[in-house]
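Quick notes on the structure that follows.
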Amino acid sequence: MVLRLGDHTLFASGTAKSPIDFKAAARLTEQIKQVLGDDLEKVLGGMELRSRLFNGRLNHPEADRLRNQLRDLFYFDEAWIPELKKSGIGRVQQLYDLSKDLGQQNNIVKNHPELVARMKKKAEAIYASVMADAPEWLTPEEQAAAKKGRANEPQRPATGLTDTDITKLLARIDKNDLPDGYHGSRHQPYVDRVMASLKPEQRTRVGQLWKEKRRFDSDMPNPGASFVRILTHVASENQKSKPSNMAKATHSWAHWRGPDANGVATSAKPPTHWSEKKNVRWKAPVEGFGTSTPIVWGNKVFLLTAINTGKVDPSLPRPEDQPKRVFDITHPNTTYEFIVLCLDRKSGKTLWRRVATKMIPHEGTHRDNNFASASPTTDGERLYCWFGSAGLFCYDLEGKKLWQRNLGKVKIGASLGEGCSPVLHKGKLVVLRDNRGQSTIHVLSAKNGETIWMKNRNTRNGWATPAVVEHEGITQVITTASRTEAGNRQTPGKVISYDLENGNVIWECSGLTDNAIPCPIVEGGVAYCMTGYQGFSVLAVPISGKGDQSENILWKGDLGTPYVPSPVLYDGLLYFTQSNQAILSCVDAKTGKVLMERTRIKGLSNVYASLVGAGNHVYVVGRYGKTAVIERTRKFDLVATNTLGDRFDASPAVVGDQLFLRGHKFLYCIGK
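Residue numbers (our numbering): 6 to 677.
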């Protein structure tokens, strides 16, 4: 078995006798050498021949034809299933770090026993899962025939279609867009996640179609993308009356920062031009006040709001009688209703409305904050709504309350208000609570809200939503933290990564400024973190390390970074604004090279909403109704500036050909 995990590839032998015809493989390898002749070394480009044969083309028609025959020998064949079911994962023989050793020359299997153990454990789990679902596709007679050798064309699984029908179906699948949640740099985690959601018969269907795809199109330009299109097709086919969750997930915005938590909807293509009279499909009035981002699942749009009922508690001091506080913040003396709304995505009509709780908030908020600033999240079956000190509430998507949990009241410095959104990952819910008292991080069961673990944090006020990412067999919860003070000593803001399973700190890194609000973005094994209060700071931190990583930063900078908005990472380009201003910068995420430096966006003033990307454009929403649409390039290319008659602090959501903008008065659905 060969397992790729992050930058590492592991080779492990099975306990079953290999069914692969290695003599035929050796014969084809020699034929390839003869065909290439004197051009062999040039074609290899320094790579080992074996690695080149399986990881790249030879750019020679006859050599590539033989290469395809060779690779076919190693593709899975249904005739192997009975023997493989009796087998298992045996000895781990080789481990390579592809980030440093693409040619797989340096076997490091003895240098990393912990990594080998984790990868072997994952390989065993995959093996057990695949074998448990593996059907007996061939009859005993067919198995016996297949075992005689692979000189003839391998037995194909029955699809019930003629070759003409199959080619037409594959052509239709190839025309489909890649799903929003897919990015080539995270191909395997995405595939693993989708495959885990499928039924056994669907997994069989994926295998059948993929084998046919290789049979008819052995020279496909991008096999990974082709496989994902087949995977998406199978996840959604025959589900017209009741789409599967994974099918909906490819056309949804289920979390504050979107499918990949980077602000990008890969295949979405919303309009670039709109106004109150153009490309507004609908706008729905929103009662109360809140700046949580709407989330979208299937044909439902969910958002949170808080309504001041005006019901006064006479035992509490009136705002005008309270002592003067910074920013003129007052504590409420009236009851608020904390509301969960579900709207129809097609029309904007309210499908259901639930009062999660009623209470008088124990402290006020900054004028730019509110009591419904955290965004909900969903797994397609349940909706999780976090109102901070007012509680955590779980509903099904029809509005039935399943459970609720109160994690207690916290006090934010200067009563600025709470604002960190929950993060959902494989049945676990992460809630971060940085405040002026004892800061904490909680991981709860998404099923019932019970605490799995809780850790204290030596940090203070913060509003940055964590990033949760799987890397090298461990799921990390990556958080940013504000600057702290102990006596006369100040500790810089930092990044802290926790193990999702147990809450242990994996690594941390200093170098941020104060008031952590922008959320981290993780891509390609690097966490991009920034703060923009009392100084500017952006850090690119590799996430493979352990302990203090302050000296192992990939790159860092003090270019104008955001105070409130989060950045967007779009195909290797990291875009962000300065402070809360309409001043845009762009850097190369891999190197930190500045591509666009502090460019003012004319027509926009303050920017509080986080940036989003879709359709090869970056959308920057200004506070006072204007949205700038910028071409995703390495230079500033303004496509349009659009105006709506509302004020916008909430971050946008992008799904398909629609852009959802939450104003203070209305929720807008922008679409042609």
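Note that CB positions come from ideal geometry on N, CA and C, so glycine has one too.
{"query": "Rank 332, 318 and 385 by C-alpha distance to the C-alpha of residue 303 and give the top, closest one.", "result": "385"}
{"query": "Short of 7 Å in beta carbon distance, which residues of its chain neighbour residue 51, apart from the five on each side in sequence? Order them along the chain.", "result": "108"}
{"query": "Using CA coordinates, which residue listed in 79, 120, 92 and 446 is at the minimum distance from residue 99?", "result": "120"}
{"query": "Could you have a look at residue 95 and say whether DSSP puts it in helix, strand or coil?", "result": "strand"}
{"query": "Report the three-state DSSP secondary structure of residue 339 (helix, strand or coil).", "result": "strand"}
{"query": "To the nearest angstrom, report how far apart residue 475 and residue 630 are at their CA atoms.", "result": "38 Å"}
{"query": "Can you tell me which of 597, 224 and 570 puts its alpha carbon nearest to the alpha carbon of residue 559?", "result": "597"}
{"query": "With DSSP collapsed to three states, give me the class of residue 192.", "result": "helix"}
{"query": "Once the 5 residues before and after residue 488 are set aside, which same chain residues still bring their CB inside 7 Å of it?", "result": "495, 496, 497, 498, 518 and 519"}
{"query": "Here's a check: name, in chain order, each residue in its chain whose Cβ is nearer than 8 Å to the Cβ of residue 473, leaving out the five neighbours to either side.", "result": "266, 428, 430, 435, 480, 481, 482, 483 and 505"}
{"query": "Output the boundary residues of the beta strand (DSSP E) element that contains residue 571.", "result": "First-last for residue 571: undefined, no H or E at that position."}
{"query": "On the premise that residue 295 lies in contact with residue 378, defined as a C-beta separation below 8 Å, what is that separation, rounded to the nearest angstrom?", "result": "7 Å"}
{"query": "Check for me: the alpha helix (DSSP H) holding residue 350 runs from which residue to which?", "result": "Run containing residue 350: none; DSSP gives neither H nor E here."}
{"query": "Are the beta-carbon atoms of residue 307 and residue 343 separated by less than 9 Å?", "result": "no"}
{"query": "Within its chain, find whatever has a CB closer than 8 Å to the CB of residue 49; leave out the 5 residues flanking it on each side and keep chain order.", "result": "57"}
{"query": "Cβ atoms of residue 323 and residue 338: under 9 Å apart, would you say?", "result": "yes"}
{"query": "Hey, out of 513, 367, 449 and 625, whose CA is closest to residue 420's CA?", "result": "367"}
{"query": "One question on the structure: do residue 624 and residue 570 come within less than 9 Å of each other, judged by their Cβ atoms?", "result": "no"}
{"query": "Go through the region 397-472 residue by residue and report every complete run of the beta strand (DSSP E) that reaches 3 residues or more, in order.", "result": "397-401, 406-410, 428-430, 433-438, 444-450 and 456-462"}
{"query": "Measure the beta-carbon distance from residue 453 to residue 416 and round it to whole angstroms, keeping in mind my assumption that it falls under 8 Å.", "result": "Rounded, the Cβ-Cβ distance is 28 Å, inconsistent with contact."}
{"query": "CA-CA distance, residue 394 and residue 310?", "result": "15 Å"}
{"query": "In three-state terms, what does DSSP make of residue 259?", "result": "coil"}
{"query": "Among 256, 96, 418 and 269, whose alpha-carbon lies nearest the alpha-carbon of residue 574?", "result": "269"}
{"query": "Does the region 170-181 come close enough to the region 225-239 to have 3 or more Cβ pairs within less than 8 Å?", "result": "yes"}
{"query": "May I ask which residues mark the beginning and end of the beta strand (DSSP E) holding residue 675?", "result": "671-675"}
{"query": "How would you write the range of the alpha helix (DSSP H) that residue 229 sits in, first residue to last?", "result": "228-241"}
{"query": "Where residue 216 and residue 534 are concerned, what is the direct C-alpha to C-alpha distance, given to the nearest angstrom?", "result": "42 Å"}
{"query": "Nearest by alpha-carbon distance to residue 600: which of 333, 239, 632 and 581 is it?", "result": "581"}
{"query": "Please name the residue or residues paired with residue 547 in a DSSP beta bridge.", "result": "531"}
{"query": "Rounded to whole angstroms, what is the Cα-Cα separation between residue 451 and residue 478?", "result": "21 Å"}
{"query": "Closest by CA to residue 195, which one among 10, 620 and 660?", "result": "10"}
{"query": "Using DSSP with H/G/I as helix, E/B as strand and the rest coil, what is residue 650?", "result": "coil"}
{"query": "Name the residue from 23, 547, 643 and 556 whose alpha carbon lies nearest to the alpha carbon of residue 587.", "result": "643"}
{"query": "Near residue 214, which residues of its chain fall below 6 Å by C-beta distance, leaving aside the five closest residues on each side in sequence?", "result": "235"}
{"query": "Across which residues does DSSP place residue 659 in a beta bridge pair?", "result": "664"}
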